[in-house]
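So the sequence shown is numbered by our numbering: it starts at 26 and just counts up by one.
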Amino acid sequence: MNLKKLILTENECYKVGQKIKPKGIMVHSTGANNPYLRRYIGPDDGLLGENQYNNHWNQLRPGGKQVCAHGFIGKLKNGTIATYQTLPWNHRGWHAGGAANDTHIGFEICEDGLTDASYFNAVYKEAVELCVYLCKQYGLTEKDIICHSEGHKLGVASNHGDVMHWFPKHGKSMDTFRADVKSGLTPVDQTTAQKYYRVQLGAFSVKANADAMLRKVKAAGFTDAFIKYGE
Numbered sequence: 026m027n028l029k030k031l032i033l034t035e036n037e038c039y040k041v042g043q044k045i046k047p048k049g050i051m052v053h054s055t056g057a058n059n060p061y062l063r064r065y066i067g068p069d070d071g072l073l074g075e076n077q078y079n080n081h082w083n084q085l086r087p088g089g090k091q092v093c094a095h096g097f098i099g100k101l102k103n104g105t106i107a108t109y110q111t112l113p114w115n116h117r118g119w120h121a122g123g124a125a126n127d128t129h130i131g132f133e134i135c136e137d138g139l140t141d142a143s144y145f146n147a148v149y150k151e152a153v154e155l156c157v158y159l160c161k162q163y164g165l166t167e168k169d170i171i172c173h174s175e176g177h178k179l180g181v182a183s184n185h186g187d188v189m190h191w192f193p194k195h196g197k198s199m200d201t202f203r204a205d206v207k208s209g210l211t212p213v214d215q216t217t218a219q220k221y222y223r224v225q226l227g228a229f230s231v232k233a234n235a236d237a238m239l240r241k242v243k244a245a246g247f248t249d250a251f252i253k254y255g256e
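Spelled out as structure tokens, the structure:
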């Protein structure tokens, strides 16, 4: 994950300063064909690039709306994918349009034209890694992750379709997303014993001969070679 931070301190949501105890994560997408982070995050930190329209969300009410998410995933000015944290994770965001604002961290994935597989795969992977990171930080599991459209069905978010208008176009769903987060949370098994196969070059009754052989094999690059004395 390529995690950066630029807190939207001029947004009214940040200024209100309410806190939450995160109990879940809500995945959003922006609903506009603009994959560049500078559309939503500003001012330019040298990586984002300049937003010539100055319509980013680091202002009191962007577009006259009370909106603010905890993070965004999209393109830097050089085209690489990054995640930007835009609110403290335990800040009450304005992203769900419902009760999930009181319980969920919400982040936005910047949409493009919805058909570019390489872009989708990159931001999908970044989103999975962000959720793994947040789950570890707040003691959550993949079961605590929903998207905005799922939040609406549960009665905790406004009537939006994201991300289910996009993910299925690339063979993904929130179920596959949660499965990928679960995989990222599963510890790698370190209990399997390593097997070693040992090679003996010879047995000598005269130590000088053994020493000579040892020098030869070490000179050949077998630096772990040694002499073992029998009973």
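Ideal Cβ placement from N, Cα and C applies to all residues, glycine included.
Treat the numbers as computed from the prediction; the structure is a model and nothing was measured.
Assignment of alpha helix (DSSP H) within the stretch 173-204, counting only whole runs of 4 or more residues, yields 173-178 in chain order. For residue 152, DSSP records no beta bridge to any residue. Following the DSSP letters along the chain, one finds residue 41 in no beta strand (DSSP E) but inside the alpha helix (DSSP H) bounded by residues 37-41. By the Cβ test, the stretch 160-170 is in contact with the stretch 50-57, since at least three Cβ pairs between them sit closer than 8 Å.
Counting along the chain, the unbroken beta strand (DSSP E) around residue 54 starts and ends at 49-54. The C-alpha of residue 157 is placed about 10 Å away from the C-alpha of residue 164. When Cβ pairs closer than 8 Å are counted between the two stretches, the stretch 93-105 is seen to touch the stretch 129-146, the count reaching three or more. Put simply, the backbone Cα of residue 74 is about 13 Å away from that of residue 107. DSSP places residue 61 outside any beta strand (DSSP E), giving it a letter other than H or E. Take the alpha-carbon of residue 112 and the one of residue 214: they are about 35 Å apart.
Check the Cα spacing between residue 148 and each of 121, 181, 99 and 188: the tightest is with 99.
Going by beta carbons, residue 116 and residue 61 fall outside the 8 Å limit. Burial state of residue 109 is buried, judged by a 10 Å Cβ sphere holding 16 or more other Cβ atoms. Taking C-beta atoms as the reference points, residue 118 and residue 126 count as a pair closer than 8 Å.
At a Cβ-Cβ threshold of 8 Å, residue 88 and residue 123 do not count as neighbours. Nearest in C-alpha terms to residue 45, of all of 196, 90, 27 and 114, is 114. Between residue 82 and residue 120, the alpha-carbon positions lie close to 12 Å from each other. In the DSSP annotation of this structure, the continuous segment of the beta strand (DSSP E) that includes residue 133 starts and ends at 129-134.
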